[in-house]
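> Chains as they are written, first to last, in the working numbering: chain H, 2 to 113; chain Y, 4 to 120.
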Amino acid sequence: DIVLTQAPLSVSVTPGESASISCRSSKSLLSSKGITSLYWYLQRPGKSPQLLIYQMSNLASGVPDRFSSSGSETDFTLKISKVETEDVGVYYCGHRLEYPLTFGSGTKLEIK
Amino acid sequence: EVQLVESGGGLVQPGRSMKLSCAASGFTFSNYGMAWVRQAPTKGLEWVATISYDGSSTYYRDSVKGRFTISRDNAKSTLYLQMNSLRSEDTATYYCTRGSYGGYDYWGQGVMVTVSS
Numbered sequence: 002d003i004v005l006t007q008a009p010l011s012v013s014v015t016p017g018e019s020a021s022i023s024c025r026s027s028k029s030l031l032s033s034k035g036i037t038s039l040y041w042y043l044q045r046p047g048k049s050p051q052l053l054i055y056q057m058s059n060l061a062s063g064v065p066d067r068f069s070s071s072g073s074e075t076d077f078t079l080k081i082s083k084v085e086t087e088d089v090g091v092y093y094c095g096h097r098l099e100y101p102l103t104f105g106s107g108t109k110l111e112i113k
Numbered sequence: 004e005v006q007l008v009e010s011g012g013g014l015v016q017p018g019r020s021m022k023l024s025c026a027a028s029g030f031t032f033s034n035y036g037m038a039w040v041r042q043a044p045t046k047g048l049e050w051v052a053t054i055s056y057d058g059s060s061t062y063y064r065d066s067v068k069g070r071f072t073i074s075r076d077n078a079k080s081t082l083y084l085q086m087n088s089l090r091s092e093d094t095a096t097y098y099c100t101r102g103s104y105g106g107y108d109y110w111g112q113g114v115m116v117t118v119s120s
């Protein structure tokens with residue numbers, strides 16, 4: 002199974018500052034179709050997960066452009082610019098390269 | 004507006020069965036693969052099963068293979084998860100989610116399943 006390792010476990014950010022979350026894969030997530038199968042989700046407190054980023058760097062519909070993602074075949078970074086209070090929650094990376102699908106263990110973002 | 008509404012959860016004894024449903028609306032259900040993802044209390048996300056748009060292909064995580072069955076009724080725009088031989092480790096909130104080209108882009112509100120005697 003592909004293991005996704007997220008860091009840090011938690012991050013505390015002052016509103017208006019930036020935050021970065023890392024996700025490292027145990028296997029290349031580059032598919033045979035040339036797509037990097039890495040996704041980012043946000044789960045706000047008490048809510049369902051929501052898709053933020055698909056195929057490593059594409060913003061999902063309705064997601065503010067303060068969110069961005071980049072990476073290689075195995076190392077990925079989610080960046081949140083100008084953090085707002087509504088960004089509080091747990092961020093998960095996940096892949097869809099092969100079964101079983103797996104997720105990282107999550108990074109909790111808190112506001113200072 | 005896309006909506007996914009799960010139902011059928013609750014308290015069940017170990018070894019017993021339960022069937023979850025997910026009613027979809029606001030999109031052409033038969034065009035999309037669907038999945039169940041669960042989250043144990045205070046834990047992270049765990050993929051459970053996926054079904055193709057027409058039901059011809061299904062995939063399961065090893066720990067539920069042979070016990071859980073994912074299915075769909077495209078005429079009713081409904082996704083199902085039949086869970087047999089339930090174990091305490093199956094206790095979780097179960098989410099149904101739509102699989103699109105751009106990822107799992109819509110999620111239901113979740114339904115709680117508690118396996119306990």
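By construction, the Cβ of each residue, glycine as well, lies at the ideal position given by its N, Cα and C atoms. Please read these numbers as outputs of a predicted model, since none were measured by experiment.
At a Cβ threshold of 9 Å, is V40/Y touching chain H?
Cβ-Cβ to chain H under 9 Å: yes for V40/Y.
> Going by the beta-carbon positions, is the gap between D108/Y and V67/Y smaller than 9 Å?
Cβ distance not < 9 Å, so D108/Y and V67/Y don't count as in contact.
> Taking a cut of 7 Å between CB atoms, which residues from the region 21 to 39 of chain H lie near chain Y?
Within the region 21 to 39 of chain H, no residue has a Cβ that lies closer than 7 Å to any Cβ of chain Y.
> DSSP has G72/H in a bridge; who is on the other side?
In the DSSP output, where bridge partners are listed per residue, G72/H has F77/H.
> Cutting at 6 Å between CB atoms, please list the residues of its own chain near Q6/Y, excluding the five before and the five after it.
The residues are S28 and G29.
> To which residues of the same chain is L43/H closer than 6 Å at the C-beta, ignoring the five residues directly before and after it?
Excluding residues within five positions, the ones whose Cβ falls inside 6 Å are Q51, L53, G90 and Y92.
> Less than 9 Å between the beta carbons of S20/Y and N87/Y, yes or no?
In contact: S20/Y and N87/Y (Cβ atoms closer than 9 Å).
> Give me the Cα-Cα distance between W110/Y and E49/Y, rounded to the nearest whole angstrom.
Taking the straight line from one Cα to the other gives about 14 Å.
> Tell me whether F30/Y sits in a helix, a strand or coil according to DSSP, three-state version.
Coil.
> Under 8 Å between beta-carbons, which chain H residues line up against Q112/Y? List them in chain order, please.
Near Q112/Y (Cβ distances below 8 Å), the residues of chain H are S49.
> Here's the rule: buried if 16 or more other CB atoms are within 10 angstroms of the residue's CB, otherwise exposed. What is E9/Y?
The residue is buried, with at least 16 neighbouring Cβ atoms inside 10 Å.
> To be precise: take each residue of the region 57 to 78 of chain H, compare its Cβ to all Cβ atoms of chain Y, and keep it if any distance is under 8 Å. Which residues remain?
Here the close residues are N59, A61 and S62.
> Measure the C-alpha to C-alpha separation of E74/H and S103/Y and round it to an integer number of angstroms.
If I take the Cα positions, the gap works out to 22 Å.
> Return the residues of the region 59 to 89 of chain Y that lie within a Cβ-Cβ distance of less than 9 Å from chain H, sorted by chain order.
Taking 9 Å as the Cβ-Cβ cut-off against chain H, the residues of the region 59 to 89 of chain Y that qualify are Y62, Y63, R64 and D65.
> Distance, Cα to Cα, G47/H vs Y40/H?
Rounded to whole angstroms, G47/H to Y40/H spans 21 Å at the Cα level.
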